[in-house]
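If you read the sequence shown in the numbering used here, its first letter stands for residue 13, the second for the next number, and so on.
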Amino acid sequence: MKRIVIVPMMAFVFAWLLLSNVAFAQSQTFGVIESYSSPQDAADLDVGWTRVMLHWGELQPDSPDQWRQDYAERIKDAEIDAEIAAGREVVAIVIGIPDWARDDDLLPQGLHLAHDDPDNTFGVFLTQAAERYQGKITHWIIWNEPDIWDKQTPGHTWDGDEHDFAQLMKISWHILKEADPENVVHLAAMTWFWDANYGREQYLDRLMAILTADPDAVANNLYFDVATAHLYFQPNLMYDVMNAWNEIMAKYDVVRPWWLVETNAPLSDDPAWEIESVTLPVSGIDQANFMGQGVAAAMSAGAERIALFKLIDHVDDRMANPEPFGLVRVDGSRRLGFDGYRTAIQLLDGAISAERERWDAVGQVRVQQADRQTHILFARHGGDQRVFVEAVSDTADLVNATGTERRTLTPVDGQYEVYLPGTPCTQPVADTCMIGGTTYYLQQRLSGTAAPVFDTAVSVDYPASVTFDLETAAPIVDVILTYEVDQLTCAPERVDVPVVPQDGRVTWTWEMAQASPPPGTWIWYAWTLTDADGNRWTTERERVQLVDQRFAWQSESIGRIMLHWYAGDDDFAEALLEAADDTLSRLENEMGILLDGSVNLYVYKTPKQLMDGMLYSYDPLGGIAFNTHQTALVSGAPDDVGAAKQVITHELAHLVIAQYGRTCT
């Protein structure tokens, strides 16, 4: 992956319009780079493929007789086996030249010899790799971004010219096809910008001229089966560049499927990863919105497969890129981009075709699937927009970028009306914005595949458990319950629970093992169900509140304090409320810490009643603060207001200090 410097928008005018409605495969559309770094996160994304790097210089640093075991077995072989076992296809990228194998031109020794000549050093290495991973890897990307011509740039990887690179492709083609005719050879990804920014003819154009003039190349599919792309940051430019590359290939009567193997909009404002020099400003919500917008742009430009670079940050990534590209931070917490990509995968999987229907103040891309039609919608300017989409069903689901908001719409006069909020436009590009406003998915179920009727219920036995129930008459074969505790956290902590359906009913109980969230906590949940034909539905996101049902609670508020009590009169509650409000103001003024949001105070009559509402609490408690919920439980008898006030002061201090120490770094 390399940093991309985006050129000003050019007025691309293309005569080649074959990709205005592009068809593509229905399986394994979405991937993520380096999924083996965090297999559980990759499983939660439900990606179908990943990429591993086979670096010649790392595998054979000293001689062609070497195959470095610590690198191959510990870092690569085990990763590859684990990915295959998890059901993810592995794509290899082959790159790197060890010093012993370089000739005077810094190219592989024997590059222009026959592919099976023992003095062709790269040929010997690739033959060994193909044999070692036969039956495990069938997709091979040959090299990376050879168009970066500046040898002083960290992303520079190829010292030869286009003729040398054509020879590299020729060697690779013959070796891989002879090893296994099922092997798929990918052309290296190119940046576009290293030529465009300097007014040079595109590398792809120069390479196509060489390959199509070579009769051996023409007879061998020009030595590649798939074209590969790396494009970042700006959905509009991604679409234009992919079409420009297609126009170049069309000039030579060449048509190939495209894989967008790297894309993302890395953050510039993550407090866990400070940046000295920002390439382009991107916020967390920008990244989440980019996922749907970038995927829509790539699909409508012809991308068969798409992968995010990358799954998780590593400490040494700073040497290659100043921005954090991971969907997951070094500490394992997830950025909003993770939820954005997961939502795109869930709603766009199984795409058959994609068409860009509108691209002015509104971005509108229609994705056709076997059983549904999904529109990706977003405002491209700073102003709010309204869009109308033709109804092909009686109802439609409207889902936001991160999947946290879902609602059902009904059409009016044969159309669905969708409100699209404008974008903050952290990076203007000409008269639009680099990344648009909130991405929405409008999904309509096609006739004959209407969603079945669901009956959901939740029962709370506080503090011991929460039981989720679902009933349906549909023939469901696979069920996943997703739930999330509403709390202060650096990333949503969702849990996916596979549940076995029995006679149309599904039940699962969350047993609180050692501690439960405090009363007043909201639990969000949704069910995802799959029938025997592979149709999948996700119920509307609902929530349930944890309530200590032993008591008849009353509630009253003042400022940012919400007081809940069951013993004592209104004067008792008012005295505690005023004391809490005064205490919070004093703490903030003296400590210089402004507490965000509101505070919930639950007042129990006795320490024992408070303790009985908690799991595994052994000592008599006057109170306890739940910092991530901004909630405190206190004991306070109506006949001892002074003692209750002291406990409230103590617990509020805990909440204020906790905010001072809270960090996502």
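Ideal Cβ placement from N, Cα and C applies to all residues, glycine included. For clarity, every value in this text was computed on a predicted model and none was experimentally measured.
Item	Value
Are the beta-carbon atoms of S151 and V106 separated by less than 8 Å?	Looking at the sequence itself, residue 151 is His, so the reference to Ser does not match. Not closer than 8 Å, so no.
With 16 as the cutoff for other CB atoms within 10 Å, does T422 come out buried or exposed?	exposed
Go ahead and pull the three-state DSSP assignment for S47.	helix
Is the beta carbon of N248 sitting closer than 8 Å to the one on F390?	no
CB I109 to CB G69, shorter than 8 Å?	yes
Applying the 10 Å Cβ sphere with the 16-neighbour rule, what's the burial state of E331?	Glu is not the amino acid found at residue 331; the sequence shown has Met there. The residue in question, M331, is exposed, as its Cβ has fewer than 16 Cβ neighbours within 10 Å.
Taking a contact to mean a Cβ-Cβ separation below 8 Å, would you say L279 touches F245 in this structure?	no
With a threshold of 7 Å on Cβ separation, who are the neighbours of V399 within its own chain once the five nearest residues in sequence on each side are excluded?	V374, Q376, L389, V430, L432
Compute the distance between the beta-carbons of V668 and L599, then report whether it is under 8 Å.	yes
Taking C-alpha atoms, which residue in M220, T484, A656 lies nearest to I636?	A656
Who are the near neighbours of D217 in its chain, counting only those whose CB is closer than 6 Å to its CB and skipping five residues on each side?	I260
For I364, count the other beta carbons within 10 Å of its own beta carbon; 16 or more makes it buried, fewer makes it exposed. Which is it?	exposed
Based on Cα-Cα distance, which residue from A221, Q140, P166 lies nearest to S184?	Q140
Compare the Cα-Cα distances from A54 to each of D93, Y578, E274, R100 and report the closest residue.	R100
Under the three-state reduction of DSSP, which class applies to Q350: helix, strand or coil?	For the record, residue 350 in the displayed sequence is Phe; it is not Gln. Three-state result, F350: helix.
Skipping 5 residues on each side, what residues in its chain have a beta carbon closer than 6 Å to that of I492?	D508, P510, T540
Measuring CB to CB, does F42 end up less than 8 Å from I318?	yes
How about the stretch 190 to 200 and the stretch 148 to 164: do they share at least three Cβ pairs that are nearer than 8 Å?	yes
Taking DSSP's pairing of strands, which residues face N412 in a bridge?	Y452
H242: buried (16+ other C-beta within 10 angstroms of its C-beta) or exposed?	buried
Just how far apart, CA to CA, sit R212 and D361?	38 Å
When you compare each of I45, D58, P51, R392 to A356 by their alpha carbons, which one comes out closest?	D58
To which residues does DSSP link Q440 through a beta bridge?	The sequence given here places Pro at residue 440; Gln does not occur at that position. Per DSSP, C445.
Compute the beta-carbon to beta-carbon distance between R368 and Y251, rounded to the nearest angstrom, for a pair I have assumed lies under 8 Å.	7 Å
Need the endpoints of the alpha helix (DSSP H) that D490 sits in, please.	It is not in any alpha helix (DSSP H) - D490 instead sits in the beta strand (DSSP E) that spans 488 to 497.
In terms of alpha-carbon separation, which member of L633, P529, D545 lies closest to N639?	P529
Here's the rule I'm using: 16 or more other beta-carbon atoms within 10 Å means buried, otherwise exposed. How should Q305 be labelled?	buried
Short of 6 Å in beta carbon distance, which residues of its chain neighbour R378, apart from the five on each side in sequence? Order them along the chain.	E367, E369, H387
Starting from the Cα of L607, find the closest Cα among Y616, S597, I287 and give me that residue.	S597
Can you find a CB in chain B that lies within less than 8 Å of the CB of I492?	Judged by its chain identifiers, the structure shown contains no chain B, having just a single protein chain.
Below 6 Å CB to CB, which residues in the same chain sit around F551 once its five sequence neighbours on both sides are set aside?	Here residue 551 is Thr; the residue named in the question, Phe, does not match the sequence. Contacts found: F466, A538, W539.
Distance check for D328 and V25, CA to CA, integer angstroms please.	Low local confidence applies: a pLDDT of 31 at V25 is under 50, so the model's placement there is unreliable, and no value is given.
Looking at the secondary structure, which residues open and close the alpha helix (DSSP H) in which F177 lies?	174 to 191
Closer than 6 Å by C-beta to A315: which residues in its own chain qualify, once you throw out the five before and the five after it? Chain order, please.	W270, L272
In the DSSP output, what is I573 paired with across the bridge?	I570, V611
Look at the Cβ atom of G434, then the Cβ atom of G449, and state whether they are nearer than 8 Å.	yes
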